[in-house]
Amino acid sequence: MYSYQERVRAVELYLKLGKRSKATIRQLGYPTKNSLKAWCNEFEKIGDLQRGYVRVKPKYSEEQKNVALEHYVNHGRCFAFTLRTLGYPCRQILTEWVRERYPETRKCVVGKAGSYCRIWCTECFGKYEKAVAV
-1 MYSYQERVRA VELYLKLGKR SKATIRQLGY PTKNSLKAWC NEFEKIGDLQ RGYVRVKPKY
59 SEEQKNVALE HYVNHGRCFA FTLRTLGYPC RQILTEWVRE RYPETRKCVV GKAGSYCRIW
119 CTECFGKYEK AVAV
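Per my numbering, the sequence shown starts with residue -1, numbered consecutively.
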């Protein structure tokens, strides 16, 4: 991400050079062609650029997140089954949610110690669920 001053400098140079993106990028060393065009369009419509970046609202609500985590915990802690049943989120996001809610699961070792690993994770989940219930 570029600062406000960098973006304004790029747009002003772009307009000064006759809207030639390659020359502007070559001279400044940044940004990409598409970013430069988007900044220029914004500058021409509004007359200025936004001071900061607007953060996009989350794709999934807290309720959807909780439903997915409850389904994951109540149905054998199986990522594939949860993803297939609910149809959301992707594996990466579900993994992040699980590690956020149950940080002790990250300590699980994958390999020859599989049976020990499953027992240890089950104990950790059991402790957490008991703590939440109380």
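A virtual CB, placed ideally from N, CA and C, is assigned to each residue, including glycine.
Would you identify the three-state DSSP class for Tyr0, choosing helix, strand or coil?
On the sequence shown, residue 0 is found 2 positions in, with the first residue counted as 1. If DSSP states are grouped into helix, strand and coil, Tyr0 belongs with coil.
Can you find at least 3 beta carbon pairs, one from the segment 54 to 69 and one from the segment 79 to 92, that sit closer than 8 Å?
yes
Give me the residue from Glu94, Leu11, Glu60 with the minimum Cα distance to Trp37.
Along the sequence shown, read from residue 1 onward, the residue named residue 37 stands at position 39. If we check each option's Cα against that of Trp37, Leu11 comes out closest.
From the DSSP output, in three-state form, read off Arg82 for me.
Looking up residue 82 in the sequence shown gives position 84. It is helical.
Cβ-Cβ separation, Lys63 to Trp95 (assumed contact under 8 Å), whole Å:
Locating residue 95 in the sequence shown gives position 97, counting from the first residue. Locating residue 63 in the sequence shown gives position 65, counting from the first residue. Trp95 to Lys63, Cβ: 6 Å. Contact.
Determine the direct distance from the alpha carbon of Arg97 to that of Arg7, and round the result to whole angstroms.
The residue given as residue 7 occupies position 9 in the sequence shown. The residue given as residue 97 occupies position 99 in the sequence shown. One C-alpha to the other measures close to 42 Å.
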